[in-house]
Amino acid sequence: GQRFGEMEVWALEAYGAAYTLQEMLTVKSDDVAGRTKVYESIVRGDDAFEAGIPESFNVLIKEIRSLGLNMELKSDKLQPDSSGKKLPELRADK
1 GQRFGEMEVW ALEAYGAAYT LQEMLTVKSD DVAGRTKVYE SIVRGDDAFE
51 AGIPESFNVL IKEIRSLGLN MELKSDKLQP DSSGKKLPEL RADK
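Positions 1 to 94 (this note's numbering) are the ones given, in order, by the sequence shown.
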């Protein structure tokens, strides 16, 4: 696996590689459902993908809630993931 640390993230931000950064922090990270969707889209010949929420983000939310702070992710657009659970649509703006 690859370790993608804080300085590597800053380097890609400075270079303007938003889509590469999104891929490294979501699909190539611990987003199992997103990784499956990307694989399926590659097999179909599509070049677009939608990243889900990484598991590390869910852990962070649970840790914040355990401190007694309520944190919710809000979005106007919800989409089901592979398990049928509704997730907010995440995308990188150009």
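Ideal Cβ placement from N, Cα and C applies to all residues, glycine included.
Between S29 and S66, the C-beta gap is not smaller than 8 Å, which leaves the two residues out of contact. In this structure, DSSP gives N70 a state outside helix and strand, which the three-state scheme calls coil. Taken atom to atom, the span from the alpha-carbon of L21 to that of M71 is near 24 Å.
Counted as a single uninterrupted DSSP element, the alpha helix (DSSP H) harbouring V9 occupies residues E6 to Y15. In the three-state DSSP reduction, R35 falls in the helix class (H, G or I). By the CB criterion at 8 Å, I61 and D31 fall outside the cutoff. For V43, the three-state secondary structure derived from DSSP is helix. Contact check for V9 against V27 fails: the beta carbons are separated by 8 Å or more. Closest in alpha carbon position to Y19, among R35, I64, A48 and L73, is A48.
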